[in-house]
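Beneath this line is the structure, given in structure tokens, with notes to follow.
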Amino acid sequence: MGTFVELYDGIMELLVVLFSTWALAPWVRGVLGGLVIGAVFGGALVMVYLERKFLGDIQSRIGPNRVGGRFGVLQLIADAIKLFTKEDIIPAKADKWLFIGAPIVALTSGFLMVAVIPFDLLVINGKEYAVAVSRMDISILYLEAVSGLAIFAIFMAGWGSGSKYSLLAGFRNVAKMIGYEVPLGISIISVAVMAHSLDIVEIVQAQSTLWYIIAQPLGFVVFFIALLADVGRIPFDQTEAEEELVAGWATEYSGMRWGLAFFAEYLHAVVGAFIITLIFLGGWNGLPLIGNLNIPGIFWLIAKTIMVIMLFIWVRGALPRYRIDQVIDIGWKVLIPLALLNLLWSTIIGLIWA
Amino acid sequence: MGDEQAAIQVIDKTIMIELSDKFPDVVSDVDVPSPNRAIARIDPSKVHEIMQFLLDKGFDHLSCISGVDYPPDKMEVVYHVTSYSGPLVITLKASVPRDDPNIDSLCDIYWNANWYERETYELYGIKFNDCPYLKVLLLVEEMEGEWPLRKDYAGYPNPT
Amino acid sequence: MEEGGIKLGEIELEIPPNVSFTTTSAIHDFIKDSPMQKLVNWGRKNSLWFMTHPMGCCGIEQICVGVAHYDTDRFGIIPRASPRQADVMMISGYVTKKYLPALKRVWDQMVEPKWILMMGECAISGGPWWESYSTVINMDEIFPVDIYIPGCPPRPEALLEGFIELQKKIVAQKDRTVIPNPADGEV
Amino acid sequence: MTHEATQITSPPKPSEMLLHLGPQHPLQPGPFLLDLKIEGETIREAELKIGYIHKGMEKVFEDRTYIQILPLTDRICYLASNSNNDVYCRGMEELLGIEPTDRAKYLRVLTNELCRIQSHLLGIGEYTTDVGFLTMFIYMVRERESVVSLLEAITGSRLNHNYARFGGVAQDLPPGYKEMALKSLGKLKELIKSHDDMMSSDSIYLKRTKGVGTLTAKEAGELGVAGPPLRAAGVNYDLRRLEPYLVYDELDFNVITQTDGDVFSRVKVRLLEILESIYIIEQCLDQMPSGPYKQDVTPYITRPEPGEVYSRIEDPRGEMGMYIISDGSDKPYRFRIRGPAFATAQALPPLLIGTYVADVAAIAASMDSCTSEVDR
């Protein structure tokens, strides 16, 4: 273990030295950004794979086990190859540019979110380096802002497809997200108030003694529910409810356009899992009381994120779907008051703590 | 349970007698082949009144309306009426002329008569007067007028 | 693609053109006849998504084959609700004159490359209702059928076998991987 | 209930739109077209268009001999094939003046009830997937497989059983069947109870189902529905009790009723009926007399006397009736099928008025209408 940690530290130190030397060179950031995006992309792939296997377990099925060995690891590669080589159809009644643009906007929003996600904080020679593409002092607000772009993407797809199912799904999404972005934002503010910072790195550092899931459990619950709605997973997947709206806003999408839109959803879910880990579950800090056991922070972060993703999948396997009016009811009548209550609580605690 | 059944069987016999008493020239050939079944022939012009009478007597469930074709001259509309509280099924048959088959609709008495009437119409060409939506139900709209269940239908067997 | 409609004796059923087809796919043209085609075929064979489209008795077996007991997900075969995202259409029951235009339209909405499984006697030859006034037989004159799965209804194992046969067909490149050109007038 | 409730009477206003669910839609097995006029998500008018798999059964049956019809009755509704065989055979037995043997009666009750269980399981499964409860659907189909194997052990077929014969059944129970069935059904009973618990305690499920698509007893009677939707409204109408056929008068069972008449009650009725059917099967297996399972000579080639018969039975979905007119030849002169699903399908549009688009799937699936039987 020890040698491993040393190796990791060595690599990181090397990276940081290189990074700080050429920090001003744009291409360094470009390469780093590409790497991180690749990593999160891979994370989303892992999530799709996990979903198929783990959901299979929940439903007493086996899941993919023929493609690429007995665990079906190549299943998604096969799916991707197939989707890439499908014919490209744009329905005659679709609004062409909205139709083409929607998956791009969805994916872009996901990538923009990835840019500010810190994976670790290295202290070298007394200087702090966040392992992130870009460290902003308002990164949490930035995240909230760019994640809102995905709503436009779904609405673009819904309106641009020229299909009534898609249109209804687009409307549903807008109606839902107006109600859910508010509690999402308020719980983020509560966290920021407690940490006295809008920078995710500092929020994580503030949790080195106490995770915010313990300091403000209500905030965690509100954030988790609102996040489920934000990424459109059961019980909040009204926008693509199969039995009602065929495939919702994605009804008219085919081939790789659908693949991208589908993938953007999972990218959002993965990024959402990262955010929830960072602002509530202590990020790269180890477990409370036990400490980080000499394991590099990035592994703690990824392990916790995978747990959150498993929780998403478990929820999907265990719950039915709400009706859209009930969803909006919950958003306005339950989550927003709870989020405000939590804001009050975190303000008081934050003041005392400070 | 046994008492219930006995009580209903008493109603059986009486309802058919009541029916033929109430409509003496209209109801004929009353037959009770088994305790739970009764068959009668009725005059098509009085079907509305008879059904209203049966509904008032507690026969609140129209099971089925079917057509039967007897070429060359007549067709029958067969009603199966029963009750949610008893096992008796009354089968009423109304003969209509084959060249101009029409009979009064029961939609205002039994709500669910509508689809049965539409079905009988499209398969046999029997017109139900005052039926609110008498159009094809099961067939392609182009097939209206072919009356496929008539005995002299030329499209069966279908060689396509 | 057929223009106009389908003729059934004296009845001609109109199919409204609602879909704009691209006649070709750039990626597809690029890799055609190259060793990449093998890789592509491997991907296609292992990712046959079928459309949930039960039509009769066979539809029940089609549902059964997709869930726990038989679990087509093992082979990468999963049900999709929208025809746009499906690769395989199963005609799993009686096709009637009333349903044929809708079925044809669903087939046209699907994206190339696509395959058809004929499941059960009713779809293959009309089954017990072959001489009825309302059913349509000889479906293979209307749809380009890839695999026939006889049975009334076929057992889920037979359906799985049908999928495996289709996979073999894809690997052997005997399927219709060429996207038809509307100008040729052939399907 | 007015007839306007079943039709789309006017073109949509600017604030409304027409939504077509079907014929290909993942809503239900079997194609139908449900036209909805919606304003926002609220349904203003609904119209159900059927006939997409109309096979012209009644005409085909008039051209088949009586014994040739027997396997075809399976295909009226493939989920209730034993009931369909049974109602046809009972009609023919009445026409021919024969009586099934005692053992055959028990065997028919046994298969009918097994058939009811598997039909209800798939019905509930379809319904749970329509409220987004995919896992429960998969559990239900998994449970159904065990019942299907029990049926397969008797009849040799998974779906279309073709088991009853005039005056008997096709074959006897295989050896060791009783132990196998009791073991399998015991397990099923436990599972159904646990699913029932899960469904009655899941708050999202309750929110989706309580008070949705309510049908009062009076409305249900007016709409002419039968079977579980009617019993869920509190009407104690079950032909097994009202007009006991086969050996149902010798068996002990309750007619399951609920009071609310909403979507939840309809599914609850089915769940409890599964348990009740298991109880009936256990009694059948205990009380089954030994003896021949069929007549010495099954009348395969048969020319019944001219006459007519209307036989009916409690199908998994309600009252299944067959009206057979014989003219003395070897083929029926008229063969009329009165399916329960036809009545329930007709009652669907009025139920949808005023509900949300999201509830369409739940309500439609809770009525459990079988499209093949609606269209025939």
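Protein chains in written order, with my numbering: chain S, 4 to 357; chain U, 261 to 420; chain G, 8 to 194; chain E, -2 to 373.
Where a beta carbon is used, it is the ideal one built from N, C-alpha and C, also for glycine.
Keep in mind the model is a prediction, meaning the values are calculated, not measured.
Proximity test, Cβ basis, 9 angstroms: residue i and chain G
{"i": "Val257/S", "result": "Per the sequence shown, residue 257/S should be read as Ser rather than Val. It does: the Cβ of Ser257/S has a partner Cβ on chain G nearer than 9 angstroms."}
{"i": "Arg175/S", "result": "no"}
{"i": "Asp202/S", "result": "no"}
{"i": "Tyr438/U", "result": "Only positions 261 to 420 of chain U appear in this structure, which leaves residue 438/U out of reach."}
{"i": "Glu245/S", "result": "yes"}
{"i": "Tyr136/E", "result": "yes"}
{"i": "Arg300/E", "result": "no"}
{"i": "Ala358/E", "result": "no"}
{"i": "His158/E", "result": "no"}
{"i": "Pro417/U", "result": "yes"}
{"i": "Arg113/E", "result": "no"}
{"i": "Gly66/S", "result": "yes"}
{"i": "Leu394/U", "result": "no"}
{"i": "Val70/S", "result": "yes"}
9 angstroms Cβ cutoff met for residue i and residue j
{"i": "Pro20/E", "j": "Phe29/E", "result": "yes"}
{"i": "Ser164/S", "j": "Phe87/S", "result": "no"}
{"i": "Tyr330/E", "j": "Tyr320/E", "result": "no"}
{"i": "Val232/E", "j": "Glu38/E", "result": "no"}
{"i": "Asp303/U", "j": "Val286/U", "result": "yes"}
{"i": "Asp94/G", "j": "Met125/G", "result": "no"}
{"i": "Ile275/E", "j": "Lys186/E", "result": "yes"}
{"i": "Gly336/E", "j": "Met364/E", "result": "no"}
{"i": "Arg139/E", "j": "Ser63/S", "result": "yes"}
{"i": "Ala77/E", "j": "Cys367/E", "result": "yes"}
{"i": "Val311/S", "j": "Leu284/S", "result": "yes"}
Alpha carbon of residue i to alpha carbon of residue j, nearest angstrom
{"i": "Lys387/U", "j": "His51/E", "result": "21 angstroms"}
{"i": "Val177/S", "j": "Leu152/S", "result": "12 angstroms"}
{"i": "Asp364/U", "j": "Pro331/U", "result": "22 angstroms"}
{"i": "Pro361/U", "j": "Leu409/U", "result": "14 angstroms"}
{"i": "Phe114/S", "j": "Ile279/S", "result": "17 angstroms"}
{"i": "Ser41/G", "j": "Asn48/G", "result": "12 angstroms"}
{"i": "Ile95/E", "j": "Gly224/E", "result": "29 angstroms"}
{"i": "Val252/E", "j": "Ser116/E", "result": "17 angstroms"}
{"i": "Val128/E", "j": "Leu397/U", "result": "29 angstroms"}
{"i": "Ile339/S", "j": "Leu111/E", "result": "50 angstroms"}
{"i": "Glu184/S", "j": "Phe57/G", "result": "36 angstroms"}
{"i": "Cys86/E", "j": "Pro301/E", "result": "13 angstroms"}
{"i": "Met285/E", "j": "Leu248/E", "result": "11 angstroms"}
{"i": "Ala42/S", "j": "Cys129/G", "result": "51 angstroms"}
Residues bridged to residue i (per DSSP)
{"i": "Val126/S", "result": "Glu131/S"}
{"i": "Pro86/G", "result": "Phe57/G"}
{"i": "Gly327/U", "result": "Val337/U"}
{"i": "Asn362/U", "result": "Lys387/U"}
{"i": "Asp289/U", "result": "DSSP lists no partner for Asp289/U."}
{"i": "Gly37/S", "result": "DSSP, once it has assigned bridges, lists no residue as partnering Gly37/S."}
Below-9 angstroms beta-carbon distance, residue i vs any chain E residue
{"i": "Tyr349/U", "result": "It should be noted that the sequence gives Val, not Tyr, for residue 349/U. For Val349/U, the answer is yes, since a Cβ of chain E falls inside 9 angstroms of its Cβ."}
{"i": "Pro238/S", "result": "yes"}
{"i": "Val47/G", "result": "no"}
{"i": "Ala229/S", "result": "no"}
Cutoff 9 angstroms: residue i Cβ touching any chain U Cβ
{"i": "Thr103/G", "result": "yes"}
{"i": "Thr142/G", "result": "yes"}
{"i": "Glu138/G", "result": "yes"}
Closer than 9 angstroms to chain S by CB, residue i
{"i": "Glu119/G", "result": "yes"}
{"i": "Gln92/G", "result": "yes"}
Practice task
Output the residue ranges of the alpha helix (DSSP H) runs that lie fully inside the region 313 to 361 of chain E and measure 4 residues or longer, sorted by chain position.
Solution key: 337 to 343 and 345 to 349
Handout entry: beta strand (DSSP E) segments (min. 3 residues) lying fully within the region 145 to 205 of chain E
Key = none
Practice task
Enumerate, from N- to C-terminal direction, the unbroken beta strand (DSSP E) stretches of 3 or more residues contained entirely within the region 89 to 176 of chain G.
Solution key: 95 to 98, 122 to 126 and 154 to 156
Handout entry: Segments assigned alpha helix (DSSP H), at least 4 residues, entirely inside the region -2 to 53 of chain E
Key = none
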